[in-house]
Amino acid sequence: MNKCVERIVNGVVKENPTFVLMLGMCPTLAITTSAMNGISMGLCTTAVLAMSNLLISMLRKVIPDKVRMPAFIVIVASFVTLVQMLLGAYLPELNKTLGIYIPLIVVNCIILGRAESYAYKNPVLPSFFDGIGMGIGFTIGITLIGMVRELLGAGELFGFRVMPSSYQPISIFVMAPGAFLVLALLTGLQNKFNAPSATNVEECDKEKREGLECNGNCMSCAGLAYEKNHLLIEQAAEKREAERKAALAEKAKAAAAAKAAKAAESKAAEKPAESKTEEKPADSRAAGKPAESKTEGGDNK
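Note that my numbering has the sequence shown beginning at 2, numbered continuously upward.
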């Protein structure tokens with residue numbers, strides 16, 4: 002159960018599809034002209050996400066690896082068709098409002114991404130809750146964007162007038178540029194709350210930011226969050242370790258070469274000494290031969 006709760010928290014906060022992963026931008030920017038559109042699209046996506054993850058996880062040992070993406074699309078398309086049929090039967094106005102964006106759920110990056118990265122590799126229950134968590138995170142994200150756009154662009158919230166009659170709606174917020182502005186604003190606020198203070202460098206782990214120049218501005222630091230930059234830091238550490246080992250190997254190789262050269266010189270110096278030692282007995286024998294022959298001549302006399 003802890004694993005299931007962790008998957009929900011992960012989808013809502015740590016890997017929020019809208020504000021962290023920046024996935025599913027097509028419906029996020031196009032549908033969120035009102036809060037109701039946002040929550041409706043989010044709930045449809047959540048249903049497809051959860052059921053797709055569930056079925057893909059159940060069939061993960063049956064689906065061949067080479068055709069997994071077409072299989073994922075067929076599974077997702079089946080659930081999207083079911084959702085669209087239900088909307089057409091019970092909520093025809095909403096189905097008409099969402100329009101083409103319901104069928105486009107089939108190729109939504111969030112759904113295919115979770116199917117590939119999680120559901121295809123993990124058990125059924127965690128995969129199901131991973132889909133729910135990601136769906137809730139996506140729903141919260143696009144609903145917030147829809148609320149801000151509807152409030153500023155029409156002075157309403159969920160169709161009810163909340164701003165005073167004197168309020169002049171800012172029409173740009175219900176247009177395409179307004180979607181980008183609100184998305185940037187909410188993403189920036191989320192990053193501000195999650196990021197450390199601009200002068201809070203004491204919490205930075207010196208070992209984790211080794212090799213990074215610290216200028217006291219954490220907001221522009223490459224090591225802003227170790228979890229997001231661990232790969233870069235690990236690669237730098239591995240590179241330094243490889244360079245250190247290569248230097249040690251070169252040093253050992255040079256020492257071995259010097260030792261071999263010294264041994265060769267010693268061996269070459271020993272050879273002349275041995276040859277001189279061998280020549281001395283030969284000279285002694287040569288000098289002794291005339292003396293012996295002279296002695297023999299005296300005896301003959």
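Note that beta-carbon positions come from the ideal geometry of N, C-alpha and C, so glycine has one too. As the structure is a prediction and not an experimental result, all values here were calculated from the model.
From residue i to residue j, what does the alpha carbon distance come to, in whole angstroms?
| i | j | result |
| --- | --- | --- |
| Leu158 | Tyr119 | 36 angstroms |
| Thr19 | Gly160 | 24 angstroms |
| Asn109 | Ala250 | 51 angstroms |
| Phe139 | Tyr121 | 21 angstroms |
| Ala247 | Ala257 | 15 angstroms |
| Ser166 | Leu153 | 13 angstroms |
| Asp131 | Thr82 | 22 angstroms |
| Glu242 | Leu30 | 46 angstroms |
| Asp66 | Asn3 | 30 angstroms |
| Met23 | Ile133 | 18 angstroms |
| Ala155 | Ile101 | 24 angstroms |
| Met148 | Ala238 | 46 angstroms |
| Met164 | Arg61 | 51 angstroms |
| Ala48 | Asn54 | 10 angstroms |
| Gly143 | Arg245 | The identity of residue 143 in the sequence shown is Ile, whereas the question assumes Gly. The straight-line gap from Cα to Cα measures roughly 50 angstroms. |
| Asn192 | Lys15 | 11 angstroms |
| Gly25 | Tyr168 | 33 angstroms |
| Lys263 | Gln236 | 40 angstroms |
| Ala5 | Lys254 | Checking the sequence shown, residue 5 turns out to be Cys, not Ala. Cα-Cα distance, rounded: 55 angstroms. |
| Pro93 | Lys240 | 60 angstroms |
| Arg8 | Lys252 | 51 angstroms |
| Leu182 | Gly189 | 11 angstroms |
| Val125 | Met59 | 6 angstroms |
| Arg162 | Ile171 | 15 angstroms |
| Ser79 | Gln85 | 10 angstroms |
| Met135 | Leu87 | 22 angstroms |
| Ala72 | Ile64 | 7 angstroms |
| Val10 | Pro104 | 28 angstroms |
| Met177 | Gly43 | For the sequence presented, residue 177 should be read as Ala rather than Met. Distance between the alpha carbons of Ala177 and Gly43 is about 19 angstroms. |
| Gly12 | Ala36 | 20 angstroms |
| Met70 | Leu184 | 30 angstroms |
| Ala51 | Gly179 | 30 angstroms |
| Val68 | Arg115 | 17 angstroms |
| Asn38 | Asn123 | 32 angstroms |
| Gly89 | Phe194 | 41 angstroms |
| Glu266 | Lys260 | 10 angstroms |
| Glu117 | Lys97 | 31 angstroms |
| Cys27 | Leu187 | 17 angstroms |
| Ile141 | Tyr91 | 24 angstroms |
| Ser41 | Val21 | 21 angstroms |
| Pro127 | Leu95 | 31 angstroms |
| Leu99 | Asn17 | 22 angstroms |
Since residue i contacts residue j with CB under 8 angstroms, what's their CB separation in whole angstroms?
| i | j | result |
| --- | --- | --- |
| Ile1 | Thr33 | Outside the shown range of the chain (2 to 302) lies residue 1, about which nothing can therefore be said. |
| Ile74 | Ile57 | Contact doesn't hold; Cβ gap of about 11 angstroms is too wide. |
| Arg150 | Phe129 | Not quite, the Cβ-Cβ distance comes to about 32 angstroms (not below 8 angstroms), so this is no contact. |
| Thr46 | Ile137 | Not really, about 10 angstroms apart at Cβ, beyond 8 angstroms. |
Helix, strand or coil for residue i, going by three-state DSSP, please let me know.
| i | result |
| --- | --- |
| Leu24 | coil |
| Glu16 | coil |
| Ile112 | helix |
| Ile106 | helix |
| Cys5 | helix |
According to DSSP, which residues form a beta bridge with residue i?
| i | result |
| --- | --- |
| Phe161 | Leu158 |
Consider the C-beta atom of residue i and the heavy atoms of the ligand SAM; say whether any pair is separated by less than 7 angstroms.
| i | result |
| --- | --- |
| Ala250 | Among the components of this structure there are no ligands whatsoever, and the ligand SAM is therefore not found. |
Q | alpha helix (DSSP H) runs wholly inside the segment 28-93, at least 4 long, in chain order | A | 36-59, 69-91
Q | Segments assigned alpha helix (DSSP H), at least 4 residues, entirely inside the segment 116-175 | A | 125-155
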